[in-house]
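Before any comments, here is the structure.
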Amino acid sequence: MLTRKRRRLGAKIAVFTGLCLGAAFAGLPVVWMLSTSFKPNGEVFAVPPKLFTKNFSFDAYTAILSDGAQLRFFLNSYVVALSVTALTLLVAILAAYGFSRYEFPLKKSINAVIISVQAVPPITLVIPYFGLVVTLGLYNTYPGLILTHMVFTLPYAIIMMTAYFNTLPKELDESVKVDGASSWTALWRVLVPVSVPGMVAVGVYTFMISWNEYLFALTLTRTDDMRTVPIGIQLLMGQHSYEWNQMMAMSILGSIPVLILFLLFQRRFIGGLTSGAVKA
Amino acid sequence: MNSAKLDHAPPAPPAPVAVVAPQTRAAPPGRARRFLAKSGAPFGYLSPTMILIFVLMIIPIVMVISYSFKDNVIVQQNSVFVGFANYTTVLTDPDFLAALKNTFVFITVSTVAHLVLGLGFALMLNTSLLSGWTKAIFRIIYILPWLFTVAVIAVIWRLMLDPSGVVNYLLTTLGGMQEGVNWLSDPGKALWALTFINIWAGFPFFMISILAGLQGISGDLYEAASVDGAGPVRQFWNVTIPQLRPVLISMAVLDLIWTSQQFALIWMTTGGGPLNVTEMLSTYTYKQAFSSYEFATASAAAVIVLLLTMVLAFFYVRLQKER
Amino acid sequence: MTRRRQLLGVMAVAALLGTAAVGCGGSDDGASADGSVTLEFAQWWAPELPAGSFDKLMTEFTAQNPNIKVKLLSGPYASTKQQLVSGAASKTLPDVVGLDGAWVNDFAKQGAIADLSALMTDANYDQNQLASQIQIQGTTYMIPVVNFVYPLFVNNDLLSKAGVTTPPSTRTEFLDAAKKVTALGGNVKGWALPLDTAVPNGIQNDVMSWLWASGGTMLTKDGKPDLTSAQVKSTIEYVKSLNDADVIAPGSLTMKEQDKVEKFTTGQVGMVIDSLAHINLIKKNNPSLNFTVLPLPAEDSYTGKRGIPYASWGIGVADSSEHKAEAFKLVEFLMSKEKNAELSTLANGFPGNKTAEPDFSNSDPLFKTAFDIYQAGYPANEFVGLPKSEDLMRSFDEQLQLTLTGKQSADHTLSKAQEDWASVL
């Protein structure tokens, strides 16, 4: 009995140590980022490197937060990422419902196309894509960016939502339909309310992708009033110098919404992935 | 199981019930009409997706493919059809072949490491030995790398891996190394340093998905195994791994695809150098287009990359269907 | 009933996406109802000037030309370039564009930028006041607005600490000084050489500058590559000797221009070749740094005039612009004697208008020193106007890296680079 307890303690210590090592791997660069954001630029390469500087200041943060142009980047990122999340969810739910509840001609092929769209390397599309977006009059607009991000978030969202709907018994929506309701009603009144964890998982995933997307956000915008946070961060990396502290401050600020999202929804997020992706 | 379908709710009823309702309401069931009734609704549901993907994905892909068979596209007004000439150029370019090899190393090592780290961390985070709070805190630390945009990831690692940066400082003062290492500019180390950065940046999503998978494994299975006298190691191999197999495989394929698309990280850390040791298919294509203005060869390279990733996508589709 | 609602719902979503895709269409030609014109001006200059000063210049322009408004599209150099490449490809360049000499040839060939010679004739513009014009086959496509020279920056404190009393003026003296600075130990090295291949400008600013400083050229008279000449070879061998003496800051194979400036600013390297435009930046980031600028060292026996590398903020007009005449008005404004001088002073550069006189009184004394260096030598940058110049720099860079890492001889590097260049030029 005693040895068993001792073994359990040993295992506990081992797991805890392992977790700490992992946390160091994951967290130390972020700690350094945080530390840099409080330093004056000249001290970034000080020898020996210091985690806490004597000249500790929030200057970089005030610089970002008091600059209208920088705040505009945040606003743009919110508009784009939230719209992408909402629209992706809407469109993915519809598509997933089609895939999960119907048999129809070409189903397999359409499904395959949607899945393989994920495999298209974005970089290869930049040139024709740019021309297309200009032709559609979407260059340097929110819709241009939103629709583009959706193309990249939709496939995975559809896969996850379809998998999630597949875990829900068909009898659920059939029972409503027997009462004379349409499939549309069945979807929104019955299926969607019980799919919240799956939607949260898809939503968080989509928001993160859109919030952090870089290549198209750079290519498809040209004025500062349309640019998003990742581009704003890159703008601080001028041709001639790095504004280290501001860059770090801005990325810390930029990561906060995503962090809050995760904190709020982590249970449901993981739960949604469990019943969605896992049982796909 | 070749009539595999995504819709797989155990023993599916012979005729999908969903169709019954519209059919009974429909007037004289003509052939076309029945087809519409049968497929109108699902196509309706799929139409937004299909329109979006057709306009913003299929059209550009077709454009890239057509560029790849022409010469002097974009740069000059009248480009001519040149058949497979661009493909020959690309496939015989030693830089392209090097990029192919580097990409292969980069994506396989990244994916394997993501798998191992993700699984390891997820198992630890799923332990019953620690309290929920402790695990929650660790969970948040572990997803931190996922919160940052790639521009920042590139910058913070460049800062830390600078020859006079903090990593070298720690290694020389604490680690007893004689002199600092040029992590990103030593041709022998750059690819590994870059892969390491990518591992750091990408493991959280893997970990979370595996964690979700672990939480989906029924406790009964473990109980049954321990009744049979299986220790933790045997339980891991006989219960955990088989149960996680579908998640692991589909995450691995997705990761291979996603990693092969990595561009900004490479561009902003090493730019493909030193000595091209970190040149990837994505940076190769970018240089062809934006620096050599060879949009035709860039397109040919793009199509080749597309075909290669399609192979991966094919496996992914197969996997999705098998389940 | 419900079925119809379902269809409606789906169609609404489809329509939403559809309108989003088409609705925002309609071309915006920049002309508004009151007859005024809005010009779009894409450049990377505004972020490099004191905050708000470029906007102020544009306001003055509108005051002079009430029916022309200017909308600035500002971004850093690298992203401006990528956007202009994409814009040129799809014929949607902004009306007025900031240009680097290295891009002109390609944009001109793509038909993306307009023939300025014709615009100058139309506007009866006096071309004699221009210090230079960038021409492709006799036609002007870019006018340099402000020129920045690249002298040698030296950290006085480090050099005197290392016992270097006379500023290095020859290659031998430079190597010697670099060795002494490196001998100080710590993280300090004599020189920094940014060879990152993502933006391979280092070949122009930090490598070929050695060649030009000794009066050498990398091209033959008719514009063909001449990389196997004795002078180019001695340049490469010199850079290699610096490398072998271990006086170059580590990490040079993936070092970017920003890193070079950073290392000089923080006192990690004693000497760099850098743009004069960086004086303010270096002072801002490290006010206590004691540094000066010198002419680039030349070959020991060289006595002629020294070429000094330069870069320009050039200006051009989009060929697709519907307001070329108005766009040229803006060019004229920026090139006018008074405004050109003002802009040059703000930017710490030298004016593109010969008659403009930058005001040295309020600027850094180093600026005056540099102006003297500039006048004693001649501006040299053979990459300006070359086709695919970035690609040329990159292929040279890749070969040079092989030499520096001891994987191939200097001769082999040059003959390989010669071959690469010959296929383009």
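Line order of the protein sequences matches chains A, B and C. Take 1411 as the starting number for the first sequence in the working numbering and just add one per residue. Take 265 as the starting number for the second sequence in the working numbering and just add one per residue. Take 45 as the starting number for the third sequence in the working numbering and just add one per residue. Cβ atoms here follow ideal geometry from the backbone N, Cα and C, with glycine treated the same way.
List the whole-angstrom C-beta distance separating residue i from residue j, where the pair is believed to meet the contact cut-off of C-beta under 8 Å.
i: residue 414 (chain C); j: residue 190 (chain C); result: The pair is not a contact, with the Cβ atoms about 13 Å apart (cut-off 8 Å).
i: residue 476 (chain B); j: residue 1683 (chain A); result: 3 Å
i: residue 1634 (chain A); j: residue 1418 (chain A); result: With 8 Å as the limit, residue 1634 (chain A) and residue 1418 (chain A) do not qualify as a contact, their Cβ atoms being about 58 Å apart.
i: residue 286 (chain C); j: residue 280 (chain C); result: So it is not a contact: roughly 11 Å between Cβ atoms.
i: residue 359 (chain C); j: residue 182 (chain C); result: In fact, because the Cβ distance is near 19 Å, the residues do not count as touching under 8 Å.
i: residue 544 (chain B); j: residue 363 (chain B); result: 6 Å
i: residue 1510 (chain A); j: residue 1563 (chain A); result: Their Cβ separation, rounded to whole angstroms, is 19 Å, which puts residue 1510 (chain A) and residue 1563 (chain A) out of contact at 8 Å.
i: residue 562 (chain B); j: residue 549 (chain B); result: 5 Å
i: residue 366 (chain B); j: residue 541 (chain B); result: 7 Å
i: residue 232 (chain C); j: residue 312 (chain C); result: 6 Å
Grab me the residues of residue i's own chain with a C-beta within less than 6 Å of its C-beta, minus the 5 sequence neighbours each way, in chain order.
i: residue 407 (chain B); result: 468
i: residue 433 (chain C); result: 146, 427
i: residue 184 (chain C); result: 160, 161, 177
i: residue 351 (chain B); result: 564
i: residue 1549 (chain A); result: 1543
i: residue 247 (chain C); result: 437, 440, 441
i: residue 151 (chain C); result: 132, 157
Specify, as a first and last residue, the run of the alpha helix (DSSP H) that residue i falls within.
i: residue 352 (chain C); result: Where residue 352 (chain C) is concerned, there is no enclosing alpha helix (DSSP H), although the beta strand (DSSP E) it sits in stretches over 351-361.
i: residue 1564 (chain A); result: 1552-1577
i: residue 465 (chain C); result: 454-466
i: residue 104 (chain C); result: 97-108
i: residue 235 (chain C); result: From DSSP, residue 235 (chain C) is part of no alpha helix (DSSP H) but of the beta strand (DSSP E) over 233-235.
i: residue 491 (chain B); result: 483-491
i: residue 557 (chain B); result: No alpha helix (DSSP H) contains residue 557 (chain B), which DSSP labels as neither H nor E.
Give me the Cα-Cα distance between residue i and residue j, rounded to the nearest whole angstrom.
i: residue 257 (chain C); j: residue 1443 (chain A); result: 42 Å
i: residue 567 (chain B); j: residue 371 (chain B); result: 19 Å
i: residue 1477 (chain A); j: residue 1660 (chain A); result: 12 Å
i: residue 1431 (chain A); j: residue 1413 (chain A); result: 27 Å
i: residue 353 (chain C); j: residue 245 (chain C); result: 12 Å
i: residue 1629 (chain A); j: residue 504 (chain B); result: 44 Å
i: residue 355 (chain B); j: residue 107 (chain C); result: 57 Å
i: residue 327 (chain B); j: residue 344 (chain B); result: 15 Å
i: residue 407 (chain C); j: residue 393 (chain C); result: 11 Å
i: residue 1384 (chain A); j: residue 1462 (chain A); result: A query on residue 1384 (chain A) cannot be resolved here, the shown segment of chain A reaching from 1411 to 1690 and no further.
i: residue 445 (chain C); j: residue 536 (chain B); result: 13 Å
i: residue 228 (chain C); j: residue 204 (chain C); result: 11 Å
i: residue 395 (chain B); j: residue 512 (chain B); result: 26 Å
i: residue 309 (chain B); j: residue 1507 (chain A); result: 7 Å
i: residue 454 (chain B); j: residue 409 (chain B); result: 21 Å
Enumerate in chain order the residues of its own chain whose CB-to-CB distance from residue i is below 7 Å, with the five nearest sequence positions on each side excluded.
i: residue 200 (chain C); result: 334, 335, 336
i: residue 517 (chain B); result: 576, 579, 580, 583
i: residue 79 (chain C); result: 111
i: residue 459 (chain C); result: 272
i: residue 421 (chain B); result: 461, 533
Once the 5 residues before and after residue i are set aside, which same chain residues still bring their CB inside 8 Å of it?
i: residue 1475 (chain A); result: 1481, 1663
i: residue 17 (chain C); result: Only positions 45 to 469 of chain C appear in the structure, and residue 17 (chain C) is not among them; the question remains open.
i: residue 1492 (chain A); result: 1617
Residue i CB to nearest chain D CB: under 8 Å?
i: residue 1470 (chain A); result: Within the model displayed, chain D is absent; protein chains A, B and C are what it includes.
Start and end of the beta strand (DSSP E) containing residue i?
i: residue 314 (chain C); result: 313-317
i: residue 84 (chain C); result: 81-87
i: residue 371 (chain C); result: No beta strand (DSSP E) holds residue 371 (chain C); the alpha helix (DSSP H) holding it covers 368-379.
i: residue 184 (chain C); result: 183-193
i: residue 1470 (chain A); result: That residue, residue 1470 (chain A), is in no beta strand (DSSP E); its alpha helix (DSSP H) goes 1469-1475.
i: residue 142 (chain C); result: 140-143
For residue i, does the count of other Cβ atoms within 10 angstroms reach 16, so buried, or fall short, so exposed?
i: residue 397 (chain C); result: buried
i: residue 438 (chain C); result: buried
i: residue 188 (chain C); result: buried
i: residue 347 (chain B); result: exposed
i: residue 463 (chain B); result: buried
i: residue 521 (chain B); result: buried
i: residue 1545 (chain A); result: exposed
Confirm the yes/no value for this check: CB of residue i, any heavy atom of the ligand FAD, distance under 7 Å.
i: residue 182 (chain C); result: This structure simply doesn't include the ligand FAD, nor any ligand for that matter.
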